[in-house]
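Peer 1: If you're matching positions, the sequence shown starts at 1 in our numbering and goes up one per residue.
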Amino acid sequence: MIMNEMQTEIVKVDASAPEADVITRAGETIRKGGLVAFPTETVYGLGGDALNPESSRKIYAAKGRPSDNPLIVHIARMEDLEPVCAKIPAEMLRLAEAFWPGPLTMIVPKAGGVPTETTGGLDTVAIRMPDHPVALELIRAAGGYIAAPSANASGRPSPTLAEHVAEDLDGRIEMILDGGEVGIGVESTIVDLSGEVPTILRPGYVTEEMLLRVLGKIQTDPTLMQHIEGGRPKAPGMRYRHYAPKGTMTLVEGNAKEVAEQINRMVEAAAAEGQKTGVLCTDESMGAYRADVVQSLGSREEMRAIALHLYRALREFDAQGVQVICAESFSREGFGQAVMNRLLKAAGYTVLQV
Ligand code: AMP
Ligand code: MG
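#1: Taking just the CA atoms, how far does Ala-235 sit from Leu-68?
#2: Shorter than 7 Å, the distance from the beta carbon of Glu-187 to the closest heavy atom of the ligand AMP, or not?
#3: Could you check whether the Cβ of Ser-158 sits closer than 7 Å to any heavy atom belonging to the ligand MG?
#4: What's the C-alpha gap between Leu-193 and Arg-128?
#5: Does the stretch 29 to 43 touch the stretch 185 to 203, meaning 3 or more C-beta pairs lie closer than 8 Å?
#6: Apply the 10 Å Cβ neighbour rule to Asn-255 and answer buried if 16 or more other Cβ atoms are within range, or exposed otherwise.
#7: Under a Cβ-count criterion, where at least 16 other Cβ atoms within 10 Å of its own Cβ denotes burial, should Ala-135 be classed as buried or exposed?
#8: Closer than 7 Å: is that where the CB of Ser-150 sits relative to any heavy atom of the ligand AMP?
#9: Here's a check: name, in chain order, each residue in its chain whose Cβ is nearer than 7 Å to the Cβ of Gln-353, leaving out the five neighbours to either side.
#10: Only counting the same chain, and skipping five residues up and downstream in sequence, which positions put a Cβ closer than 7 Å to that of Ile-139?
#11: Thr-250: beta carbon under 7 Å from a heavy atom of the ligand AMP?
#12: Over what stretch of residues does the beta strand (DSSP E) that includes Thr-124 continue unbroken?
#13: How would you write the range of the beta strand (DSSP E) that Thr-199 sits in, first residue to last?
#14: Are there any heavy atoms of the ligand MG lying less than 7 Å away from the beta-carbon of Gly-33, as far as the coordinates show?
#15: Who are the Cβ neighbours of Thr-237 in its own chain at under 6 Å, not counting the five residues just before and after it?
#16: So, are the CB atoms of Leu-169 and Leu-251 less than 8 Å apart?
#17: Please report the Cβ distance between Asp-292 and Gly-274, rounded to the nearest whole angstrom; I am assuming they are in contact, meaning their Cβ atoms lie under 8 Å.
#18: Could you check if Gln-295 is buried or exposed, using at least 16 other CB atoms within 10 Å of its CB as the buried criterion?
#19: Within 10 angstroms of its Cβ, does Ala-347 collect 16 or more other Cβ (buried), or is it exposed?
#20: Under DSSP, the alpha helix (DSSP H) around Asp-168 begins and ends at which residues?
#21: Can you tell me whether His-227 is buried or exposed? The criterion is at least 16 other CB atoms within 10 Å of its CB, across all chains shown.
#22: What do you get for Gln-320, buried or exposed, if any count of 16 or more other CB atoms within 10 angstroms of its CB means buried?
#23: If you measure from the CB of Arg-202, is any heavy atom of the ligand AMP nearer than 7 Å?
#24: Which same chain residues, not among the five before or five after Glu-117, have their C-beta less than 7 Å away from its C-beta?
#25: Within the present structure, is the beta-carbon of Ala-235 separated from the nearest heavy atom of the ligand AMP by less than 7 Å?
#26: Given this structure, state the Cα-to-Cα distance separating Ile-306 from Pro-103, to the nearest angstrom.
#27: Is the Cβ-Cβ distance between Val-22 and Val-36 less than 8 Å?
#28: Under the three-state reduction of DSSP, which class applies to Gln-337: helix, strand or coil?
#29: Could you name the residues of the same chain whose beta carbon sits closer than 8 Å to that of Ala-166, not counting the 5 residues immediately before and after it, in chain order?
#30: Using a Cβ-Cβ cutoff of less than 6 Å, which residues in the same chain neighbour Ser-356 once the five nearest sequence positions on both sides are dropped?
#31: How about Leu-280 and Ala-327: are their beta carbons less than 8 Å apart?
#32: Can the beta-carbon of Leu-46 be found less than 8 Å from the beta-carbon of Ala-141?
#33: Please specify which runs of the alpha helix (DSSP H), each continuous and at least 4 residues long, are wholly inside the stretch 235 to 287, giving them in chain order.
#34: Please say whether Thr-160 and Val-182 have beta carbons closer to each other than 8 Å?
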């Protein structure tokens, strides 16, 4: 792919009280068809005008993202919902009331004004109202609708810091708003409301239990937590090998002592073959490992810390040239489902039970 190199401007912005002049300038850049990366509460997004097909084309090109992988449309005001939806199901309003602004994306039939470039050719549209002052103010300044996938190069872990965005997209986009580290660290929960039963297409901080409490019924795409032969995730983005480090990664599941022993055996075997090794673990177990790069995600007791540090750790393995990565696993309950979904994808579903 040939891209015109451009100068990417990196601008610091106050995450809780964004400077008005910065937001105005970034909003104008998007209105004129340019791309601006910005912080949200989940991960950094790569924003363009959602109603401009040319902007969506530029987003795919900058990321190297397949153009059949639809973008999420971000809004900042409830009154902006109606113009982009062909239908607003009652469930959508109930979920918006409960979780917006927040890490929940909803899929509904799209209105005619939403370009098919933005929806990857689908007749549905994914919509979210993020819970971050910079994101909300930028969306308003840009005219109300920002299409924004995660601001990483396609196939790389999503960015949780502006530095990650620069690593992947410097020279390919107009501007990066640096608002520091994000709050959650994994992408939004996606719920499809366009079918009979509301269906989770991607787990996130808003859990199945939380959705069930509001909706009374919910199902989860079965391909999310296991590899199903011939199975095809309903969210196009979940079909690609995503969130992937460059090294090969194995998840080890079982009781803590046996997991540590197994990982050390695997690390030794890889090291004996001259491979650079890495272990992804927790504060509780960190002392048990011998590998070239040992990274703790935080305490096992705090799933939020584990989630927040996951992508940063995968990037660090890449930066250090680690070839064989062994990772501990986590409970699949609650928010753990989202963390395990990302880990399973990073490992290409390679799980060893001990
Ligand atoms: P990202 O913004 O990088 O987190 O990716 C957005 C995710 O939302 C991808 O997995 C997309 O496939 C998914 N998505 C967006 N729009 C739709 C849609 N209309 N139907 C199904 N999945 C969607
Ligand atoms: Mg993404």
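Even glycine gets a Cβ: it sits at the ideal position worked out from N, Cα and C.
The model shown is predicted, which means the values in this text are computed figures rather than measured ones.
Peer 2: The relevant details are as follows:
#1: It is worth fixing the name first, because residue 68 is Asp in this sequence and not Leu. Cα to Cα, the separation comes out at about 10 Å.
#2: yes
#3: yes
#4: 13 Å
#5: yes
#6: exposed
#7: buried
#8: yes
#9: Glu-253, Gly-254
#10: His-74, Ile-75, Ala-76, Ile-146
#11: no
#12: 124 to 128
#13: 199 to 202
#14: no
#15: According to the sequence displayed, residue 237 carries Gly and not Thr. Excluding sequence neighbours, Gly-237 sits near Asn-69.
#16: no
#17: 11 Å between Cβ atoms; not a contact.
#18: buried
#19: buried
#20: 162 to 169
#21: exposed
#22: exposed
#23: yes
#24: Pro-53, Ser-56, Arg-57
#25: yes
#26: 17 Å
#27: no
#28: helix
#29: Thr-8, Ile-10, Ile-176
#30: Nothing can be reported for residue 356: it is not among the residues displayed for the chain, which extend from 1 to 354.
#31: yes
#32: no
#33: 256 to 272
#34: yes
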